[in-house]
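Under the numbering used here, the residues of the sequence shown are numbered 877 to 1239, in order.
Where is the CB? At the ideal position from N, CA and C, for every residue including glycine.
Data block below; observations after.
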Amino acid sequence: MTPLPFDDYHALSDAECQARIRAARQQLGKEAVLLCHHYQRADVYQHADLTGDSLKLSRLAAETDSPHIVFCGVHFMAEVADIMSRPEQTAILPDLAAGCSMADMANLAKVERCWRELGEALEVEANFTPVTYINSAADLKAFCGEHGGIVCTSSNAGVIAQWAFGRRPKILFFPDQHLGRWTGHNMGIPLDEMRVWDPDLPLGGLTPNAINQAKILLWKGHCSVHQMFNKRQIDAFRARHPDGIVIAHPECSFEVCAASDHVGSTELIVKTIKEAPAGTRWLVGTELNLVERLAREVAPQGKTVQFMSDIICMCSTMQRIDPRHLAWTLENLAAGQLVNPIIVPPHEAKLAKLALERMLALR
Ligand code: 13P
Ligand code: SF4
């Protein structure tokens, strides 16, 4: 039997699509679990069994007994689900084009070149712990597993950095310079001891002396969604609402994080605002789908939630997981066909799992 072709789903109306998702889910029962990231669009998020930030979702993927994990998120998240689940379970990404542009800013060839070049400046394995943000491809997690390193997420980066410094005096942090810088700053590391490594320049654009003096090397990578927030937006909000509270994701720039009242993962943002007193007013620096959903959910308690940017910043790759792809994936599964499985090669999965397990053992 061949899989149902995706082309047949283009013409479905929104209502038909939603009805077919519900019917396929009912037919599948416990055969499939739907894990959903907080940035997922509302017309997909409503079908989630479990939701969370990257850390929570990686734990949930490791704990579920369901044979099929349908991941409504981006590619690296589905890879983590494949790595952390049992071999007989499958992780599925409804649209393979749902990547993460930040994750794409580092690749294995460039990280290996960086490691080699660092080795010319000093004894790299004795000096640097590689730490990869979970927003990275499985082969970079495997690189960390192999070289005594670890994975971190936006909710545990501080604890992970402490672990990393406990092993070696310096950290090579990739691919998000902003999360790395904010984490180092919270540990009391001066900004001039955190240097940006530009993978497109020889020796990262640094001198051997600068590398020797640095505590953290920050890969020159960023999230294009969180780049759209700036301090001017925070200042304007505070001028209009002196009692307003500002909360931002640590992928935002240093200036935005420093000007915010709270900084944390998507799960922390959701929890903090849901648990806040009635009548409070919030400015939120993270992706639009999350902010709009949260604004709707807390409005009955008289809380006001405002998006930080004056222009739309959605995660366009997460957005690709739409109801048509979800219906297509689920109906194929219900018909006994597996489409878009995410399979990390076993040698890579083994090393990546080592780095992920080091993280999960800490928090
Ligand atoms: P969280 O782990 O905070 O959900 O962040 C994931 C992400 O990609 C944010 O852009
Ligand atoms: Fe990647 Fe940015 Fe989208 Fe998060 S918001 S998944 S970092 S592109």
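For R1071, count neighbouring C-beta atoms within 10 Å of its own C-beta (all shown protein chains included) and say buried if the count is 16 or more, exposed if not. buried
Relative to the C-alpha of F1105, which candidate in A1175, I1188 and P1006 has its C-alpha closest? Per the C-alpha coordinates, the member of A1175, I1188 and P1006 positioned closest to F1105 is I1188.
Less than 7 Å between the C-beta atoms of A974 and T1162, yes or no? no
Say yes only if the C-beta of T1029 is nearer than 6 Å to one or more non-hydrogen atoms of ligand 1, and no if none qualify. yes
Buried or exposed for A1115, going by 16 or more other Cβ atoms inside 10 Å? exposed
Short Cβ contact (7 Å threshold) for M1190 with I1026: no
With DSSP as the reference, label C976 as helix, strand or coil. coil
Is the closest heavy atom of ligand 2 to the C-beta of S934 under 6 Å? The answer is no for S934.
Segments assigned beta strand (DSSP E), at least 3 residues, entirely inside the region 1087 to 1173: Entirely contained in the region 1087 to 1173, the beta strand (DSSP E) runs reaching 3 residues are, in chain order, 1092 to 1095, 1121 to 1124 and 1157 to 1161.
Under the three-state DSSP convention, the category L1048 falls into: strand
Assigned secondary structure, R935 (DSSP; H/G/I helix, E/B strand, else coil): helix
Measure the Cβ-Cβ separation of M960 and S934 and say whether it is below 7 Å. Yes, these two residues count as a Cβ contact at 7 Å.
Cα separation between L1144 and V1181? So the alpha carbons of these two residues sit roughly 15 Å apart.
Do R1057 and T1005 come within 7 Å of each other at the CB atom, strictly closer than that value? no
Taking the continuous alpha helix (DSSP H) assigned at L1209, which residues delimit it? P1199 to A1210
Per DSSP, which one or two residues make a beta bridge with L910? V946
Taking the alpha-carbon positions, what's the L1166 to Q916 distance? 7 Å
In terms of residues, what are the limits of the beta strand (DSSP E) holding C1240? Since the first residue of the chain shown is 877 and the last is 1239, residue 1240 is not available in this structure.
Any residue with its C-beta under 7 Å from a non-hydrogen atom of ligand 2 counts. Can you list them all in chain order? Taken from the N-terminal end onward, the list reads Y915, V950, C976, S977, M978, A979, N1011, C1099, S1100, V1101, H1102, E1127, E1163, C1191, T1193 and M1194.
Per DSSP, M1070 forms a beta bridge with which residues? I1092
If you run the structure through DSSP and keep just helix, strand and coil, what is Y885? helix
Tell me which same chain residues have a C-beta within less than 6 Å of the C-beta of I1010, skipping the five on either side of it? S930, V1027 and T1029
Pair within 7 Å by beta-carbon distance, V920 and I1197: In this structure, V920 lies near I1197, with their beta-carbon atoms less than 7 Å apart.
From A1211, K1226 and D1076, residue whose alpha carbon lies closest to that of R989: Ranked by how close their Cα comes to the Cα of R989, the residues A1211, K1226 and D1076 have D1076 in first place.
Hey, how far is the Cα of D958 from the Cα of D1119? 45 Å
I need the straight-line Cα distance from A895 to G949, nearest angstrom please. 21 Å
Does ligand 1 have even one heavy atom less than 6 Å from the beta-carbon of S930? Yes - ligand 1 has a heavy atom lying nearer than 6 Å to the Cβ of S930.
Inter-residue spacing [alpha-carbon to alpha-carbon] between E1127 and L1232: Roughly 20 Å between the two C-alpha positions.
Complete alpha helix (DSSP H) runs within the region 957 to 1040 (minimum length 4 residues, chain order): 984 to 997, 1000 to 1003 and 1014 to 1022
Roughly how many angstroms lie between the CA atoms of H1138 and C893, to the nearest whole one? 39 Å
Through-space distance from G1212 to H944, alpha-carbon basis: The straight-line gap from Cα to Cα measures roughly 11 Å.
Quick one: using the 10 Å Cβ neighbour count with 16 as the cut-off for buried, is E996 buried or exposed? exposed
Is T1148 near ligand 1 - that is, is its Cβ less than 6 Å away from at least one heavy atom of it? No, since every heavy atom of ligand 1 falls outside the 6 Å radius drawn around the Cβ of T1148.
With distance defined between alpha-carbon atoms, name the residue in N1062, E907, A1014 and L1048 nearest to N1032. N1062
Residues bridged to C1181 by DSSP? Note on residue identity: the sequence assigns Val, not Cys, to residue 1181. In DSSP, V1181 forms a bridge with W1158.
Verify the contact flag: T927, CB atom, against every heavy atom of ligand 1, threshold strictly below 6 Å. Not so, every heavy atom of ligand 1 lies at least 6 Å from the Cβ.
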